[in-house]
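This report refers to the structure that appears directly beneath it.
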Amino acid sequence: MWSNLQRWWGVILILVAVSATVWLGATQQLVLYIHPRYVVFTVVMAALALVMGVLSLAIRPANTEEAVAPRGWSRVVGGVALLLSGAVALSLVLVPPTTLSSATASQRDIVGSTVGSDSQNADEVENADDELIASFTVVDWSSLLRQTSDPSFYSNKTADVVGFITASEDDPANIFYLSRFTVTCCAVDAQPTGLAVYAPDWANDFEVDAWLEITGSFEVNPSSRSDLPLVLVPETMTVVERPSEPYLY
Amino acid sequence: MTTTLPASVDDHDHQHDHRPRRSRNRLLWLAIGTIGVGAIFALRAFTGELGAVGVPGLTADLLTLATSVIIESLPFVVLGVLLSIVVQAWIPEDLLMRYLPKTPVLRRAAISLFGIALPVCECGNVPLARGLILKGFSVPESMTFLLAAPIINPITIVTTHQAFGFEDGILVGRILGGLAIANIVGWLFSLHPQPNAMLTGRFAQQCAVGSHGPRQSRTEKSLDIFMRESSVLMPAVFIGSLIAGAIQVAVPRDVLVTLGSNPLWSILAMMLLAFVISVCSSVDAFFILPFASTFMPGSIVTFLVFGPIIDIKMLAIMRTTFTAKVLLQLSLVVALMSAFIGLVINYVV
């Protein structure tokens, strides 16, 4: 029993992992974990492994190794490995797919992040038309904010951005960060970027991690406890569904 | 459970019964496998619709990160197993050996260049390296292959070039550095008096049995290799990803990034980062791209040379083949050499 389980455990694990992958691909949720450029390759290899795994179960190759009954510590280590990998396999099937949360965002330097630092150039945006400005994301705006904090630059520009709430440490009652993760390879390298939003007592209406669409403009920071020069002062704040592609690339 | 009458059946009948029963058995297990996979899909589709299940933020992020490492490395693991199957079951016995130089140093140099033709990253290389040992390569030779291939594989070169171009000697430093480390480590381990003592008991036993097992068709042999390689690799991939996810949640990323601008500290920080995040070499250039402005070029080369060889997930996978002592020596040598390469680039460029 033990040696049979050990022989087939890997096939069971790989079948679970590739089934989960194929399902994520079919429901278009693979982008929660990897950059879109790897999606096709990942699904193709997963499908191959799925076929090989089921076939190897069917053929059930003869056992060429002499079964060595594990003893003592190696049995304990083997048991722990079995349990841990089994737990991960269960989580792959049972836990609903989700994005990284604000807990990771605040742990990865949301303000100092230089992601997409060149995504927009202040000189070119100076006289941009409304349509272009309406398309700006959290990352575009924070790249502009890093280049200039001159209030007049932002006076005639209305931001319309989507992101999730990460709490601010300096002035948690009045300011939160509207944040997005940027992914270059997979969720492992996700870098958070956040716009400071000035909304007194925001916690009464919204929860951390909630997705919001905010329209508003950048103004001089009224908060005395935060040293950011400019903040986004909202005109409207609407709770929205998490976008189907929650990460920016 | 068998339903045949044990004693009363003579040999003759038994011979005739054998084949159909075997293929009936196969159909049965094919059905079991298909239904099992169907059940996994049904369960996944059901739980996927449940919405958040009240897992607290950091635990959820730990699982998301672990899942991300698994999904990112899985296709490369599968590709590696498939190539290992090709090497072991489908190409002629002596094809690889015939054209290799006889002098050990040149031989290892040739082997370190194998990777140019093989688009596998490090986790896929372990099954391939195991296949090469079973094919008759010596342990140091296959180690040379194992270290060089993930760095000079075509996908890695293309993605590194996409990410950095030829700027700051990062691409060139990575390729030359990787080849140098692979050859020097191969040479160091070739000094070992008993190369087979570097292998784990289970794998050494498998090497001793070699290809003298029962006669199998090529298809059977291929599926046999698939089954054996997944049973060795998958628990390691799963556990390695879990640990990598846990450490990332526990260690704040800014701690590493603040070390970035010092020529020495940034190298150590980069090695630590590479060790922890455990992404495959084919994609790690994109991983490190956002840090390019923070860290010095030599430190990035250190990340790109050290990461493909030593990281949490990779140690878990390599432990299936090599003893703990060998892995410790390997980690130490590779860490020193990649730090040296990074320092040279930091101070010279």
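Those sequence lines, one after another, are chains A and B. For the first sequence, position 159 (counting from the first letter as 1) is numbered 218 according to our numbering, and the numbering increases by one without interruption. For the second sequence, position 61 (counting from the first letter as 1) is numbered 1272 according to our numbering, and the numbering increases by one without interruption. The beta carbon of each residue, even a glycine, is placed where N, CA and C say it ideally should be.
Does P155 (chain A) get closer than 8 Å to chain B when you measure Cβ to Cβ?
yes
Under 8 Å, Cβ to Cβ, is there at least one residue of chain A near W1240 (chain B)?
yes
Let me check one thing: in DSSP terms, what residues is R239 (chain A) bridge-paired to?
A:T252
Would the beta-carbon of I93 (chain A) fall within 8 Å of that of E1283 (chain B)?
yes
Between the beta-carbon of S1549 (chain B) and the beta-carbon of G1388 (chain B), is there less than 8 Å?
Yes.
Can a CB atom of chain A be found closer than 8 Å to the CB of A1256 (chain B)?
Closer than 8 Å to some Cβ of chain A, the Cβ of A1256 (chain B) qualifies, so yes.
Locate the alpha helix (DSSP H) running through S214 (chain A), then write down its first and last residues.
Note, S214 (chain A): premise wrong, no alpha helix (DSSP H); not H, not E.
Quick one: Cα of L1290 (chain B) to Cα of M1409 (chain B), how far?
Whole-angstrom Cα-Cα distance: 26 Å.
Excluding the five sequence neighbours on either side, which residues of its own chain have a C-beta within less than 7 Å of the C-beta of Q1226 (chain B), listed in chain order?
Low confidence applies to Q1226 (chain B): its pLDDT is 46, below 50, so where it sits in the model is not reliable, and the reading given next is rough at best. Within the same chain, no residue comes within 7 Å of Q1226 (chain B) by CB-CB distance, once the 5 residues on both sides are set aside.
Could you work out which residue in B:F1400, B:V1316, B:S1433 and B:V1443 is closest to K1536 (chain B) when comparing CA atoms only?
B:F1400
Just the C-alpha distance for L149 (chain A) and A117 (chain A), rounded to the nearest angstrom, thanks.
23 Å
Exposed or buried, which one is D182 (chain A) when buried takes at least 16 other CB atoms within 10 Å?
exposed
Let me see if you follow: with CB-CB separation under 8 Å, is L1382 (chain B) close to chain A or not?
no
DSSP state of P1217 (chain B), grouped into three classes?
Residue confidence is low: P1217 (chain B) scores 43 on pLDDT, short of 50, so the model does not pin down where it sits. Its coordinate-derived value is still stated next. In the structure shown, P1217 (chain B) sits in coil (DSSP, three-state: anything other than H, G, I, E or B).
Counting only beta-carbon separations shorter than 8 Å, does L307 (chain A) have a partner in chain B?
no
Over what stretch of residues does the alpha helix (DSSP H) that includes E1431 (chain B) continue unbroken?
R1429 to A1461
Ignoring anything shorter than 3 residues, give me the beta strand (DSSP E) runs that lie fully in the region 1276-1363 of chain B, in order along the chain.
For secondary structure counted as the beta strand (DSSP E) over 3 or more consecutive residues, the region 1276-1363 of chain B holds no complete run.
Is there at least one Cβ from chain B nearer than 8 Å to Y92 (chain A)'s Cβ?
yes
Using a beta-carbon distance cut-off of less than 8 Å, what residues from the region 92-116 of chain A approach chain B?
Under the 8 Å Cβ criterion, the region 92-116 of chain A contributes Y92, I93, H94, Y97, F100, T101, V103, M104, A105, L107, A108, L109, M111, G112, V113, L114, S115 and L116.
Could you tell me whether any Cβ in chain A is nearer than 8 Å to the Cβ of R1341 (chain B)?
At a cut-off of 8 Å between beta carbons, R1341 (chain B) makes no contact with chain A.
State the start and end residues of the unbroken alpha helix (DSSP H) segment that holds G1397 (chain B).
I1381 to S1401
Closer than 8 Å, Cβ to any Cβ of chain B: which residues of the region 221-243 of chain A, in chain order?
T241 and T243
Spell out whether any CB of chain B is found under 8 Å from the CB atom of I273 (chain A).
no
With burial defined as no fewer than 16 other Cβ atoms inside 10 Å of the residue's Cβ, what is the status of L1238 (chain B): buried or exposed?
Exposed: under 16 other Cβ atoms inside 10 Å.
Residues of chain B with CB under 7 Å from R119 (chain A), in chain order?
W1240
I'd like to check one pair, V221 (chain A) with E272 (chain A): are the Cβ atoms closer than 8 Å?
yes
Does the Cβ-Cβ distance between L1241 (chain B) and A1457 (chain B) come in under 8 Å?
no
Output, in chain order, the set of chain B residues within a Cβ distance shorter than 9 Å of Q87 (chain A).
Under the 9 Å cutoff, chain B gives no residues; its nearest Cβ is about 12 Å from Q87 (chain A).
What is the residue span of the alpha helix (DSSP H) that S227 (chain A) lies within?
Where S227 (chain A) is concerned, there is no enclosing alpha helix (DSSP H), given that its DSSP letter is neither H nor E.
Alpha carbon to alpha carbon, what distance is there between V198 (chain A) and S1428 (chain B)?
Distance from the CA atom of S1428 (chain B) to the CA atom of V198 (chain A), rounded to whole angstroms, is 57 Å.
Report the residues of the region 285-307 of chain A with a CB closer than 7 Å to any CB of chain B, ordered along the chain.
none
Could you tell me if R284 (chain A) is buried or exposed, where buried requires 16 or more neighbouring beta carbons within 10 angstroms of its beta carbon?
exposed
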